[in-house]
Amino acid sequence: MQKFIGLVVVYLLLSVRLLAQTTQITGTVRSEDRQPLPGANVVLRGQQKGTSTDGKGTYSIQANAGQVLVVSAIGYQTTEARVPEVGGSTRLDITLREAASQLAEVVVVGYGTQERKNLIGAVTQVDADAIKTRPVASFEQQLQGRVAGVQVSANTGVPGDGLYFRIRGNTSINASNDPLYVVDGVFINNSSLQRITTQGQANNPLADINPADIESISILKDAEATAIYGARAANGVVVITTKRGAYNTKTKVALNVSGGQAWAPKLWDLVTGPEHATLINEAWANDKKSLATRPFRPVAEGGRGLPEEQPTYDRLGDIFRTGALQNYDLSVSGGNQQTRFYLGGGYTSQQATLRTNDFARASFKLNLDHELADRIRIGTSNIFSQSNRTNARVGDGPQGGILQAALHTPTYLPKFNTDGTYAKWAGFDNLDVLINNTDMQSVSTRYIGNIYGEWDILKGLKLRSSWSVDYNLYD
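Just so you know, our numbering puts 119 at position 132 of the sequence shown, and the rest follows in order with no gaps.
Dropping the structure here:
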């Protein structure tokens, strides 16, 4: 009898200990945009025990400390969460990320997002991860050859230079044919700046935006898709969404360092100094002029020397070089139950293959979202950047710019006088003067930002108010 009573006591003590370790877990399963997910499955890993979330995305399940909850939903990545080492009741909210295949079916449009299957307008979405490997300074150049009906080409090929960007061709003879750009809800001023200090070259303000900060790009092509933006969208709309953090995720640090080189594939074959002198003498003879006064005759006879005595100066070799590109991008992102953040910084330096054409950009990105209450949130998006451009002189003819000077100046003409000063020739620019004394530089400081407040009135219906600014300072 005493033995039986002892076994009962031991059993009761073990039961009490097991009950003490059991925790009542409650919480809400949400998407990254803080929307509740009804019908999500919440099960204990390795067991058949589980439950589903209700219409408000909430769940309740009993679990022991240290067990793992496996949460899944259609269209979302499966997430695991460990039950904390506490007794009684514990709240554990879980955030699910959309699966990559599901993200491809959601398209950003002017008034929110739509599933691709429900779209009736002409909209193309480009995943930034698919194009970020292209070593260029502007995201517009990354779109070259990627989107049907969109034509992108560089005006001169100079880093940071203006671009020709057309959606379904030109729509006006006199007015601008550039599309409207919208970055995180901010209308971007993309008027190409013509500056006297850069000899009329057009700068590209969109090169101030770091492509590494872009999450996705939507291109709205037809009237149905662009109607929400009014007359400013007559040439189409490019909607850019930048990266943001995720709720209930650990802080993640990402570093990307890349570089590259570029060469001119083939340069022109110019005549040598002796060849050029020979051609001039032949032209002199063809004009029936006296050979005694031909330009290239012995110096003792008052000439410039015989053709075979003329030097050859490689001016094309002087202006072309090996181009270089360097990219450094660092980002920190994450979030807790109520706040998510994305912080990024980058530096880009690009040297063109043509000397004195350089571009450098330093950028800083901050996105912050905070949930004040259930279905009410506020946030901000901020882009700070400073870009430095150095441009060579451009133009037509022998005195138009460094490329024209290299091509038109006779290869036998020296660069310097015998006393070491720069040589001056009528009708031709001295190439070394153009290379070593350029003052065609510009510095742009830019801030793009907005502050918003958002209220989820009903499922699929949001009220959003925002204030935005696009500030440019070009010097």
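By construction, the Cβ of each residue, glycine as well, lies at the ideal position given by its N, Cα and C atoms.
- request: Let me know if residue 183 comes out buried or exposed under the rule of 16 or more other beta-carbons within 10 Å of its beta-carbon.
  value: On the sequence shown, position 196 is the one that residue 183 refers to. Confidence in residue 183 is poor, its pLDDT being 39 and thus under 50, which makes the residue's placement too unreliable to answer from.
- request: Kindly indicate which three-state DSSP category residue 392 falls into: helix, strand or coil?
  value: Along the sequence shown, one-based indexing puts residue 392 at 405. Residue 392 falls in the helix class under three-state DSSP.
- prompt: Mind checking residue 198: buried by the 16 CB within 10 Å criterion, or exposed?
  reply: By one-based count along the sequence shown, residue 198 stands at place 211. It counts as buried.
message: Could you give the first and the last residue of the continuous beta strand (DSSP E) run that contains residue 369?
response: Walking along the sequence shown from the start, residue 369 turns up at place 382. From DSSP, the beta strand (DSSP E) with residue 369 extends over 363 to 377.
Cβ-based neighbour list, residue 105, same chain, cut-off 7 Å, excluding 5 preceding and 5 following: In the sequence shown, the residue the question calls residue 105 occupies position 118. Residue placement at residue 105 is poorly supported in this model, since its pLDDT is 49, which falls under 50; the coordinates are not used for a value here.
query: Taking the C-alpha atoms as reference points, what is the distance between residue 273 and residue 391?
result: In the sequence shown, the residue the question calls residue 273 occupies position 286. In the sequence shown, the residue the question calls residue 391 occupies position 404. Taking the straight line joining both Cα atoms gives about 28 Å.
message: residue 111 and residue 215 - do their beta-carbons sit closer together than 7 Å?
response: If you number the sequence shown from 1, residue 215 lands on position 228. If you number the sequence shown from 1, residue 111 lands on position 124. Between residue 215 and residue 111, the gap from beta carbon to beta carbon reaches 7 Å or more.
query: Which same chain residues, not among the five before or five after residue 303, have their C-beta less than 7 Å away from its C-beta?
result: Residue 303 sits at position 316 when you count from the first residue of the sequence shown. Answer for residue 303: 254, 255, 257 and 393, listed in chain order.
field: Spatial distance of residue 34 from residue 322 (CA atoms)
entry: Start at 1 with the first residue of the sequence shown, and residue 34 comes out as number 47. Start at 1 with the first residue of the sequence shown, and residue 322 comes out as number 335. Straight-line measurement puts the Cα of residue 322 at about 30 Å from the Cα of residue 34.
task: Report yes or no: do three or more beta-carbon pairs, one from the region 362 to 382 and one from the region 441 to 454, lie closer than 8 Å?
output: Yes: at least three Cβ pairs fall under 8 Å.
field: As assigned by DSSP and simplified to three states, the class of residue 302
entry: Within the sequence shown, the letter at position 315 stands for residue 302. Assigned with DSSP and collapsed to three states, residue 302 falls in helix.
query: What distance in whole Å lies between the Cβ atoms of residue 84 and residue 64, which are believed to be in contact at a cut-off of 8 Å?
result: If you number the sequence shown from 1, residue 64 lands on position 77. If you number the sequence shown from 1, residue 84 lands on position 97. A Cβ-Cβ distance of about 5 Å is found for the pair residue 64 and residue 84, placing them in contact under the 8 Å criterion.
message: Please classify residue 222 as buried or exposed, where buried requires at least 16 other C-beta atoms within 10 Å of its C-beta.
response: Counted from its first residue, the sequence shown places residue 222 at position 235. Buried.
field: Contained alpha helix (DSSP H) runs [length at least 4] in the region 246 to 300, N- to C-terminal order
entry: Within the region 246 to 300, the complete alpha helix (DSSP H) runs of at least 4 residues fall at 260 to 273.
message: Just to confirm the assignment, what range does the beta strand (DSSP E) spanning residue 316 have?
response: Along the sequence shown, one-based indexing puts residue 316 at 329. Element bounds for residue 316: 310 to 322.
query: Leaving out five residues before and five after residue 1 in sequence, what residues of the same chain have Cβ atoms less than 8 Å from its Cβ?
result: Taking the first residue of the sequence shown as 1, we reach residue 1 at position 14. In this prediction, residue 1 has a pLDDT of 44, which is less than 50 and means its spatial position is unreliable; nothing more can be read from the coordinates.
task: Rounded to whole angstroms, what's the CA-CA distance from residue 13 to residue 130? Just pull it up for me.
output: Your numbering for residue 13 matches position 26 in the sequence shown. Your numbering for residue 130 matches position 143 in the sequence shown. Their backbone Cα atoms lie some 46 Å apart in a straight line.
- prompt: Counting along the chain, where does the beta strand (DSSP E) carrying residue 215 start and finish?
  reply: For the purposes of this step, residue 215 is taken as residue 228 along the sequence shown, with counting starting at 1. Annotation for residue 215: no beta strand (DSSP E) segment contains it, and DSSP assigns it neither H nor E.
- request: Kindly indicate which three-state DSSP category residue 204 falls into: helix, strand or coil?
  value: Taking the first residue of the sequence shown as position 1, residue 204 is located at position 217. Strand.
- prompt: Is it true that the region 327 to 336 meets the region 346 to 357, where meeting means three or more beta-carbon pairs spaced less than 8 Å apart?
  reply: A contact exists between the region 327 to 336 and the region 346 to 357.
- prompt: For residue 409, which residues from the same chain have a beta carbon less than 8 Å from its beta carbon, with the 5 sequence-adjacent residues on both sides left out?
  reply: In the sequence shown, residue 409 corresponds to position 422, counting from 1. Within the same chain, residue 409 has close Cβ partners 402, 403, 417, 419 and 420.
query: Does the Cβ of residue 248 have 16 or more other Cβ atoms within 10 Å, making it buried, or fewer, making it exposed?
result: Along the sequence shown, read from residue 1 onward, the residue named residue 248 stands at position 261. So residue 248 ends up on the exposed side.
task: Starting from residue 441, trace the beta strand (DSSP E) both ways and give me its first and last residue.
output: Here residue 441 refers to the residue found at position 454 of the sequence shown. Segment 428 to 445, the beta strand (DSSP E) holding residue 441.
field: From 369, 17, 313 and 433, residue whose alpha carbon lies closest to that of residue 325
entry: As a position in the sequence shown, residue 325 is number 338, starting the count at 1. With distances taken between Cα atoms, residue 325 lies closest to 17.
message: Going by beta-carbon coordinates alone, are residue 453 and residue 172 separated by less than 7 Å?
response: Locating residue 453 in the sequence shown gives position 466, where the first residue counts as 1. Locating residue 172 in the sequence shown gives position 185, where the first residue counts as 1. Against a cut-off of 7 Å, the Cβ pair of residue 172 and residue 453 comes out as a contact.
task: Could you check which residue in 203, 147, 378 and 127 has the C-alpha nearest to that of residue 153?
output: Position 166 of the sequence shown holds residue 153. Considering only alpha carbons, the answer is 127.
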